[in-house]
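Heads up: the protein sequence lines correspond to chains C and Y, in order.
With the first sequence counted from 1, adding 1 to any position gets you my numbering.
With the second sequence counted from 1, adding 175 to any position gets you my numbering.
Each residue gets a CB set at the ideal place from its N, CA and C atoms; glycine is no exception.
All values derive from a computational prediction rather than experimental measurement.
Let me begin by presenting the structure, written as structure tokens, before commenting on it.
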Amino acid sequence: MVPKPEEVTLDPETKTLDRANAENVLNPPDKNALETALRLKEAHGGTVTLISMGPPLFRKYLELCLGMGADRAILLSDRTFAGADTYPTSLTLAKGIQKLKTCDLVICGEESSDASTAQVPPGLAEWLDMSLVTFADEVAVHGNTVRARRTLGSSYEILEADMPAVVSVVVGSNEPRFPDFDRVEEAAGSDWVQVWAAADLGLKEEDIGLKGSYTIVHELVEGEPVERKREFLEGGMEEKVKALAKALEPFLEA
Amino acid sequence: MNVPGELQADLYKGFWVYMEQEEGRLLPVGLELLGKGRELADEMGEVLTAVILGQDIAALGEEALRYGADEVLLADHPLLTGFNTDAYTKVMADIIEARKPNVLLMGATFNGRDLAGRLAVRLSTGLTAHVTRLEVDKESSLLLSAVPGFGGSILAVIKTEFGRPQMSTVSPGIFKPLEPDDVRRGKVERVDVRLRQSDIRCRVLEREVVPAEDIGSAERIIVAGMGTGGDMKLVDDLAAALHASTGVTRPLVDIGVAPREKQVGSTGVSLRSKLVVVLGASGASHFVAGLRDADTVIALNKDKEAPIFDESDVCVVGDIFEILPRLLEELEGKVMVV
Chain C
2 MVPKPEEVTL DPETKTLDRA NAENVLNPPD KNALETALRL KEAHGGTVTL ISMGPPLFRK
62 YLELCLGMGA DRAILLSDRT FAGADTYPTS LTLAKGIQKL KTCDLVICGE ESSDASTAQV
122 PPGLAEWLDM SLVTFADEVA VHGNTVRARR TLGSSYEILE ADMPAVVSVV VGSNEPRFPD
182 FDRVEEAAGS DWVQVWAAAD LGLKEEDIGL KGSYTIVHEL VEGEPVERKR EFLEGGMEEK
242 VKALAKALEP FLEA
Chain Y
176 MNVPGELQAD LYKGFWVYME QEEGRLLPVG LELLGKGREL ADEMGEVLTA VILGQDIAAL
236 GEEALRYGAD EVLLADHPLL TGFNTDAYTK VMADIIEARK PNVLLMGATF NGRDLAGRLA
296 VRLSTGLTAH VTRLEVDKES SLLLSAVPGF GGSILAVIKT EFGRPQMSTV SPGIFKPLEP
356 DDVRRGKVER VDVRLRQSDI RCRVLEREVV PAEDIGSAER IIVAGMGTGG DMKLVDDLAA
416 ALHASTGVTR PLVDIGVAPR EKQVGSTGVS LRSKLVVVLG ASGASHFVAG LRDADTVIAL
476 NKDKEAPIFD ESDVCVVGDI FEILPRLLEE LEGKVMVV
């Protein structure tokens, strides 16, 4: 889940992002990750477990994802998780995954649309000692390996990774299905969603959240504004078009 | 994991830049980081070291010296020919653990982000992503990495106190390379590479390298926002008329209209263009961060209050679907001959 960027403010006291009042949406590439998982389940069987770290209000988003066809959901939720950078975030998620009895594939979105670090999937592979494929747009399972197409802008590579593996999926790589709203209703308030706290994961307070983060906000500064002319073209459509063409003219002669 | 207090930070010395190579050529972002690294390393009193992984890469070491490095570490091995996440992570982690650098900068490319994310956890240290400004804190001599925050032009300045090396990834186009100095000399050292086939759990079966279009260095570029409704036809037509490249804002990438390499902004590409024409983008702070180094910005938007106009030289309020077809007629006959 990510906050809508325009609704996030900065708290000048704590020097942290205030996401509390922002409306959340499901992180777009995470929908592609879930669709990837559901298609693999349809092809090979098995179960799809959702895992997410966040406040209790994330539950309703997990219920939507259960409506899309996931089997169950784990919400890692504890006040001590707050303020985490990608180091304790990936650690906390890894502990949650380890607590699940078996896991062949961890499928993630390529990055969050708010911080865009893309650091959690590689971090998970490290904590879990799994193989890693990042930025995949096609994922298939063959025996004990996962075969994926990894996108690199206009280039790509075909990778074969031993399972268990962490795979991150790029946004737009498939068409995520719509939730079945009867199933969403069934999921609402059900025990399909379990909530695990820090103590359930055997995590100590100094390893998680803000305390477990290596990066620290030193200060918040105003970016130096770039001086722009801010010249508004006046008049009706025709005048504007003419003035715009004139403004572009010097660049035509380059 | 390491308990932060155990770290002896003063054991860590050296300012390192990881130089990504592709098919035997250094990527521009590494040269850009050497340029900035030169300035920061001098300020910190550190030696500037370029680290290059690959096969038969001796010439790349010389190139790194010309672009400002004091010394070069080469990890030359058949299993390092192209990027492999397991091999590259192991070799980089081995070199870092043996030599203990204070700072490590890497390009925020697909491979750079994959590698950096693994190294930060394996080495228990802090990593900041998509940094747009780097400086040295006068008091502590720590590296300060500025990352654009939400809502307006605020930057979060991030530091890593307990964790070494201090790591950051930087997008291509943020910093400028130095002019190459052909007489500059320095030490090029080959490091021992301990790597076996069994270290590799993820194998590359096939690789298709298509040189990516670098929109950051485009002279002229048309950038489409959500106000275009994802209709790239008009955008492409204007681009053709102006002999310009095209780019998009993040939401258009998210809905699949354009690939990630076309994304302008702090988490995409920073433009160094002479002319940027922005069509139907509201002006989110992440996006306008990518316009800072552009010479002239012309924006079209139907909302006269759109924040994009604060970041533009020429502001056109109106419906782009009405204005653009007329503009194309007007430009016809004026189009430059290449």
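Query	Result
Verify the CB distance criterion: does residue 1(C) have a CB-CB separation below 9 Å to chain Y?	Absent from the model: residue 1(C). The displayed extent of chain C is 2 to 255, so no value can be given.
So residue 266(Y) is in the alpha helix (DSSP H); what residue range does that whole segment cover?	260 to 274
In three-state DSSP terms, what is residue 45(C)?	helix
Are the C-beta atoms of residue 102(C) and some chain D residue less than 9 Å apart?	The structure shown contains no chain D; its protein chains are C and Y.
Using a Cβ-Cβ cut-off of 9 Å, state whether residue 128(C) counts as contacting chain Y.	yes
For the segment 446 to 470 of chain Y, which residues have a beta carbon sitting closer than 9 Å to at least one beta carbon of chain C?	449, 450, 452, 457, 459, 460, 461, 463, 464, 466, 467, 468 and 469
Can you give the Cα-Cα distance for residue 161(C) and residue 138(C), rounded to whole angstroms?	14 Å
Taking 8 Å as the cut-off, does the segment 116 to 130 of chain C touch the segment 281 to 297 of chain Y (at least 3 CB pairs, one atom from each stretch)?	yes
Between which two residues does the beta strand (DSSP E) carrying residue 251(Y) extend?	246 to 251
Could you tell me if residue 64(C) is buried or exposed, where buried requires 16 or more neighbouring beta carbons within 10 angstroms of its beta carbon?	buried
Tell me which residues of the segment 328 to 353 of chain Y have at least one Cβ-Cβ distance to chain C shorter than 7 Å, keeping chain order.	328, 329, 330, 331, 332, 333, 334, 335, 336, 337 and 338
Three Cβ pairs or more, each shorter than 8 Å: is that satisfied between the segment 368 to 388 of chain Y and the segment 146 to 156 of chain C?	yes
Could you tell me which chain C residues have their CB closer than 7 Å to the CB of residue 305(Y), listed as they occur along the chain?	117
How would you label residue 252(Y), buried or exposed, when you count the other beta carbons within 10 angstroms and need 16 or more for buried?	buried
I want to verify the contact list: residues of chain Y whose CB lies under 7 Å from the CB of residue 43(C), in sequence order.	Those do not exist, as residue 43(C) stays about 22 Å from chain Y at its closest Cβ, beyond 7 Å.
Assign residue 477(Y) to one of three DSSP states: helix, strand, or coil.	coil
Which partner residues does residue 157(C) have in the DSSP bridge list?	152(C) and 383(Y)
In angstroms, rounded to a whole number, what distance separates the CA positions of residue 230(C) and residue 487(Y)?	7 Å
Cβ closer than 8 Å: which chain Y residues qualify as neighbours of residue 238(C)?	493, 497, 498 and 501
Quick one: list the residues of chain C neighbouring residue 484(Y), beta-carbon separation under 7 Å, in chain order.	231
Please state the DSSP three-state secondary structure of residue 191(Y).	strand
Once DSSP output is grouped into helix, strand and coil, what is the label at residue 91(C)?	helix
Just to confirm the assignment, what range does the beta strand (DSSP E) spanning residue 169(C) have?	166 to 170
Do residue 93(C) and residue 54(C) have their C-beta atoms closer together than 9 Å?	yes
Per DSSP, which one or two residues make a beta bridge with residue 323(Y)?	330(Y)
Can you tell me which of the three DSSP states residue 197(C) falls into?	strand
Since residue 222(Y) contacts residue 185(Y) with CB under 8 Å, what's their CB separation in whole angstroms?	Actually they are not in contact, since the Cβ atoms of residue 222(Y) and residue 185(Y) sit about 15 Å apart, beyond 8 Å.
Does DSSP classify residue 315(Y) as helix, strand or coil?	coil
DSSP three-state label for residue 223(Y), please.	strand
Strictly below 7 Å CB to CB, what residues from chain C border residue 300(Y)?	215
Report, in whole angstroms, the separation of the C-beta atoms of residue 201(Y) and residue 235(Y), which I expect to be a contact under 8 Å.	5 Å
In chain order, what residues of the same chain have a beta carbon less than 7 Å from the beta carbon of residue 210(C), not counting five sequence neighbours either side?	81, 82, 83, 84, 85 and 89
Could you tell me the alpha carbon to alpha carbon distance between residue 194(Y) and residue 338(Y), rounded to whole angstroms?	22 Å
In the DSSP assignment, what are the bridge partners of residue 163(C)?	146(C)
Distance check for residue 311(Y) and residue 353(Y), CA to CA, integer angstroms please.	19 Å
With a CB to CB cut of under 7 Å and the five nearest residues on each side skipped, what residues in its chain are close to residue 391(Y)?	347, 348, 444, 445, 446 and 447
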